[in-house]
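Please read the structure below before turning to the comments.
There are 2 protein chains.
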Amino acid sequence: MFASSLDVESAFYAAFERGDLDAMMRVWAYSFDIVCVHPSGPRLEGVDAVRRSWQHILSDPVPRSFDLRARLVVGSDDVRVHTLEEHICVPGSQLYAPPLLATNVYQRLDDGWRMIVHHASLMPAPGSAPPTANGALH
Amino acid sequence: MFASSLDVESAFYAAFERGDLDAMMRVWAYSFDIVCVHPSGPRLEGVDAVRRSWQHILSDPVPRSFDLRARLVVGSDDVRVHTLEEHICVPGSQLYAPPLLATNVYQRLDDGWRMIVHHASLMPAPGSAPPTANGALH
Numbered sequence: 021m022f023a024s025s026l027d028v029e030s031a032f033y034a035a036f037e038r039g040d041l042d043a044m045m046r047v048w049a050y051s052f053d054i055v056c057v058h059p060s061g062p063r064l065e066g067v068d069a070v071r072r073s074w075q076h077i078l079s080d081p082v083p084r085s086f087d088l089r090a091r092l093v094v095g096s097d098d099v100r101v102h103t104l105e106e107h108i109c110v111p112g113s114q115l116y117a118p119p120l121l122a123t124n125v126y127q128r129l130d131d132g133w134r135m136i137v138h139h140a141s142l143m144p145a146p147g148s149a150p151p152t153a154n155g156a157l158h
Numbered sequence: 021m022f023a024s025s026l027d028v029e030s031a032f033y034a035a036f037e038r039g040d041l042d043a044m045m046r047v048w049a050y051s052f053d054i055v056c057v058h059p060s061g062p063r064l065e066g067v068d069a070v071r072r073s074w075q076h077i078l079s080d081p082v083p084r085s086f087d088l089r090a091r092l093v094v095g096s097d098d099v100r101v102h103t104l105e106e107h108i109c110v111p112g113s114q115l116y117a118p119p120l121l122a123t124n125v126y127q128r129l130d131d132g133w134r135m136i137v138h139h140a141s142l143m144p145a146p147g148s149a150p151p152t153a154n155g156a157l158h
């Protein structure tokens with residue numbers, strides 16, 4: 021049982037670092053109503069699709085270490101929305117991953133707090149132009 | 021007063037289509053605790069930063085039309101999380117914008133339902149490789 025949204029989030033990134041699929045799936049609500057968007061990936065819905073995606077990602081044996089920054093928490097007593105920066109490195113290597121912005125949503129359910137949404141996307145490069153400067157419509 | 025998260029969402033995209041900054045800001049909670057991530061943009065926090073970003077985006081007079089698809093709603097009685105596809109076109113033109121995935125979070129407050137988080141990011145191109153196939157760490 022996770023006692024808070026922060027506890028779930030810690031377990032999420034710990035499972036990710038360890039490449040532990042079972043621990044990763046214990047973080048999520050067991051429901052059709054979960055949503056996961058990996059960076060530049062499609063929206064995945066429900067436990068089966070979300071589990072398959074993590075199985076694929078965690079099957080890569082590269083050791084990851086997460087430096088989480090700038091966490092902001094909003095929401096209510098039973099649904100908490102965390103936004104934060106994920107800075108990922110591979111210990112002992114120069115392997116570089118671009119930093120990500122994640123929106124993680126947690127809900128208090130009968131069996132404690134669980135993750136219900138993870139949406140991660142690339143952060144802008146430092147000094148890059150504002151979103152509409154290149155003619156984007158949004 | 022918005023009576024539901026769906027009402028807020030309709031008003032959000034209507035304001036976006038009309039380029040109506042005041043209507044756009046009436047959709048949002050009036051709070052430091054709002055978060056907005058435009059596609060490939062940084063995380064913006066609080067009414068002032070969020071308003072400035074919309075002022076910038078909506079100052080572009082191009083008429084946008086949103087085709088919203090595949091809305092999924094999760095959450096509780098007082099916080100609703102919508103994920104959906106945004107397909108944007110410019111009526112009468114061939115101007116193309118890549119489709120976006122949005123996570124929109126709404127909360128029931130004393131003055132009705134309001135938006136508290138908008139996180140939009142590019143959808144993958146059809147047939148593109150899965151997230152980790154290019155060596156990404158997430």
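Protein chains in written order, with this note's numbering: chain W, 21 to 158; chain C, 21 to 158. Glycine residues also receive a C-beta, built at the ideal position from the N, C-alpha and C atoms.
Using a C-beta to C-beta distance shorter than 8 Å, which residues of chain C count as neighbours of residue i?
i, result
"residue 139/W", "103, 121, 123, 139, 141"
Residues bridged to residue i by DSSP?
i, result
"residue 116/C", "109/C"
"residue 92/W", "103/W"
Could you list which residues in chain C have their beta carbon closer than 7 Å to that of residue i, in chain order?
i, result
"residue 19/W", "Residue numbering for chain W in the displayed model covers 21 to 158; residue 19/W lies beyond these limits and cannot be assessed."
"residue 75/W", "Simply none; closest approach about 11 Å."
"residue 99/W", "95, 96, 99"
Taking only three categories from DSSP, how would you classify residue i?
i, result
"residue 139/W", "strand"
"residue 23/W", "coil"
"residue 33/C", "helix"
"residue 128/C", "strand"
"residue 160/C", "With chain C represented from 21 up to 158, any question about residue 160/C goes unanswered, as that position is not in the structure."
"residue 97/C", "coil"
"residue 58/C", "coil"
"residue 145/W", "coil"
"residue 49/C", "coil"
"residue 68/W", "helix"
"residue 87/C", "strand"
"residue 39/W", "coil"
"residue 74/W", "helix"
Is the CB-CB distance between residue i and residue j below 9 Å?
i, j, result
"residue 118/W", "residue 60/C", "no"
"residue 137/C", "residue 54/W", "no"
"residue 79/W", "residue 58/W", "no"
"residue 99/W", "residue 96/C", "yes"
"residue 44/W", "residue 32/W", "yes"
"residue 65/C", "residue 86/C", "no"
Excluding the 5 residues flanking residue i on each side, which residues of the same chain have their C-beta closer than 7 Å to its C-beta?
i, result
"residue 84/C", "36, 37, 108, 110"
"residue 153/C", "Bear in mind that a pLDDT of 39 at residue 153/C, under 50, signals an unreliable position, so the model cannot answer this."
"residue 41/C", "74, 75, 78"
Among residues of its own chain, excluding the 5 on either side of residue i, which ones have a beta-carbon nearer than 6 Å to its beta-carbon?
i, result
"residue 34/C", "none"
"residue 146/W", "none"
"residue 22/C", "28, 132, 133"
"residue 125/C", "101, 136, 137"
"residue 123/W", "103, 139"
Residues of chain W with a CB under 7 Å from the CB of residue i: which are they?
i, result
"residue 92/C", "55, 65"
"residue 144/C", "60, 61, 62"
What does residue i reach in chain W if we use C-beta pairs closer than 9 Å?
i, result
"residue 111/C", "The premise fails here: residue 111/C is roughly 12 Å from chain W at the closest Cβ pair, so nothing lies under 9 Å."
For a cutoff of 9 Å on Cβ pairs, would you count residue i as touching chain B?
i, result
"residue 114/C", "You won't find chain B in this structure, because its protein chains are W and C."
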